[in-house]
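Asks: Once you've had a glance at the structure underneath, I'll fire off some questions.
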Amino acid sequence: MVVAAPFSTQAQIDLFAEKEEEVTDIVTATFKTTRVVNGHSIENVGKGILDFRILHRFGQFSDGAYNLFGLDQASIRLGLDYGITKNWMVGIGRSTFEKQYDAFTKVRILSQTTGGRQFPLSLSYAATVIYKSVKNPTTTYVPYQSDRLSYAHQLIIARKFGDYFSFQVTPTYFHYNLVQTQSTPNDFMSVGLASRIRISKRVNLTGEYYYRVNKLPNPDYKDALSIGFDIETGGHVFQLHMTNSTGMTERTFIHETTGEWGKGNIRFGFNVSRVFTIIKPKEFRNPAGL
Amino acid sequence: MKQMTKIAAMVLFMMSTQYSQAQKVYATKTGQIAFNASSPIEKIAAINNQTDSKFVGENGQVVFAVLIKGFKFENQLMEDHFNENYMESTKFPKGDFKGYITNIKEVNFSKDGSYPVTLDGNLTLHGVTNKVAATGTMKVAGGAPEMEGTFKIKLKDYKVEGLYIGEKIAPEVAITVKCKYQ
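Structure representation (structure tokens):
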């Protein structure tokens, strides 16, 4: 009602000369989609959007010509993600590797802004629970259902440096309910590093590396390193990459990656995402003139 | 002393409104601007309900301003592409129109009714300014005017470029404006 008050001055009002207030702009598209390669990115799916994701990894190059350099094999995770609000998403998935089921929630806590009120970083929290449903190979120990569970807690800190470069650090706490020996700890720390470099308007180069601060005792486990391309095609983002991880859950790719880049244990993989609008934005519920 | 000048200013302000009814400024911060760039292949439409607009009742001077990122699409990914690849919203966060309602004299704000209006002015989008003209109607009901209008722009006039323009995206975009003023 204040603006409704007729105001006036001695001189002519000039709307063109009115000073514009500086706009606070929330940074968007730090990464192109909700996963960098295997791990979470800072991005969420939009409110009311259902995202069907097919994550696929072939076998290793080092398997040689007999297995067509890995193309004969496959490891898959099928997932459904949903945006409850702009800043809160949930998701479920099923992996062929160890017949794992997983569920996660991701919440945006802070957003990077520019312009009027500036803030340098975006911050999210992601929590994942993983259930390993594969049957126990031995009968010496029959696990409880809870033994099959493991948990990841991640803080995702990201910054977009202009249109061409984004960087993300992901400190991760991981808990196994059951480990192989009594002397093995149940809790593990790791730090994920991820980046996106824009190559063209539709193609971005991505990289993701998880450094394990403390490790499972098995020396075959390596740090996960993945390099890929995000390709935007109208309705979805198509991700192509090379990775040394077999699985696509936090449990498998962070702490149980067996491949070694130097030995050619590299897998070609892709993520396909297809989004469906379940709840239309409120602007579209009574579309006038559209 | 400061207090005194403040009071004096307020009194002056209140008095001045008594004198110059015609100098009334109508304003809104919740005007609607929608656009449609649909092609036979794909529906591309967005709505912005946070349009800032003002006009002067006496001489028809009118301004509209929107945040480009305030345009909502049904598809989130389309919205990201719109901002990042086409409108470059970080570089050009605002779009505005500054101009005149050329036949403002024909609108009687004290009499309810629907008056045809024509607008003439400069539209700035994507950092490029062009002259545009639009026709619409001014509906007056109980002293509160509501302006509605439609016009078309060519994307290439505003140096908006991209792979799909002319294919999935119509090269000419229809813009609809609907603002209720107070």
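If you read the protein sequences in the order shown, they are chains Y and F.
So for the first sequence, this note's numbering puts the first residue at 1; every next one is plus one.
So for the second sequence, this note's numbering puts the first residue at 1001; every next one is plus one.
Just so it is clear, CB atoms sit at the ideal spot from N, CA and C, and this is done for glycine as well.
Keep in mind it's a predicted model, so treat the numbers as computed, not measured.
1. Can you give me the C-alpha to C-alpha distance between L225/Y and V237/Y, rounded to a whole angstrom?
2. Helix, strand or coil for R202/Y per DSSP?
3. Do M1078/F and H1126/F have their CB atoms nearer than 8 Å?
4. On the DSSP bridge assignment, give the partners of N1130/F in chain order.
5. Between H56/Y and the ligand ATP, is there a pair consisting of the residue's CB and a ligand heavy atom that are separated by less than 7 Å?
6. List the residues of chain F that P281/Y touches, going by C-beta distances under 7 Å, in chain order.
7. Closer than 7 Å, Cβ to Cβ, to anything on chain F: give me those residues from the stretch 24–37 of chain Y, in chain order.
8. Please look up how many angstroms separate the CB atoms of G228/Y and L216/Y, rounded, as I've assumed it's under 8 Å.
9. Closer than 8 Å, CB to CB, is P1093/F near chain Y or not?
10. For L205/Y, count neighbouring Cβ atoms within 10 angstroms of its own Cβ and tell me buried if that reaches 16, exposed if not.
11. Kindly give me the distance between the Cβ atoms of V23/Y and P1040/F, rounded to whole angstroms, as I take these residues to be in contact under 8 Å.
12. When we look at the beta-carbon of R267/Y and count the other beta-carbons within 10 Å, is it buried (16 or more) or exposed?
13. If the cut-off is 7 Å on Cβ atoms, which residues from the stretch 257–283 of chain Y count as contacting chain F, listed in chain order?
14. Since T24/Y sits in a beta bridge, which residues does DSSP pair it with?
15. DSSP has Q100/Y in a bridge; who is on the other side?
16. Classify I1068/F: buried if its beta carbon has 16 or more other beta carbons within 10 angstroms, exposed otherwise.
17. Closest to A127/Y by CA distance: which of I157/Y, Q145/Y, R159/Y and T172/Y is it?
18. Within the 8 Å Cβ cut-off, does K1069/F reach chain Y?
19. E1146/F touches chain Y at which residues, Cβ-Cβ below 8 Å?
20. Tell me which residues of the stretch 103–114 of chain Y have at least one Cβ-Cβ distance to chain F shorter than 9 Å, keeping chain order.
21. Using a C-beta to C-beta distance shorter than 7 Å, which residues of chain Y count as neighbours of S1054/F?
Replies: Based on what the coordinates show:
1. In a straight line, the C-alpha of L225/Y is about 21 Å away from that of V237/Y.
2. In this structure, DSSP gives R202/Y a state outside helix and strand, which the three-state scheme calls coil.
3. Not in contact: M1078/F and H1126/F (Cβ atoms no closer than 8 Å).
4. In DSSP, N1130/F forms a bridge with L1123/F.
5. The ligand ATP is absent from the structure shown, which contains no ligand whatsoever.
6. Within 7 Å Cβ-Cβ: K1072 and E1074.
7. Here the close residues are D25, T28 and A29.
8. Contact flag wrong, Cβ pair sits at about 26 Å.
9. Yes, P1093/F lies at the interface with chain Y (some Cβ there is under 8 Å from its Cβ).
10. When all chains shown are included, L205/Y counts as exposed.
11. Cβ-Cβ separation between V23/Y and P1040/F: approximately 35 Å, too far for a contact (criterion under 8 Å).
12. So R267/Y ends up on the buried side.
13. Under the 7 Å Cβ criterion, the stretch 257–283 of chain Y contributes V275, T277, K280, P281 and E283.
14. Bridge pairing for T24/Y: G115/Y [DSSP].
15. Beta-bridge partners assigned by DSSP to Q100/Y: K132/Y.
16. Under the 10 Å beta carbon count, I1068/F is surrounded by 16 or more other beta carbons and is classified as buried.
17. It is T172/Y whose Cα lies nearest to the Cα of A127/Y.
18. Chain Y has a Cβ within less than 8 Å of the Cβ of K1069/F.
19. In chain order: nothing, as chain Y lies at least about 13 Å away.
20. Listed in sequence order: T114.
21. The question names Ser, yet the displayed sequence has Lys at residue 1054/F. Here the neighbours are L15.
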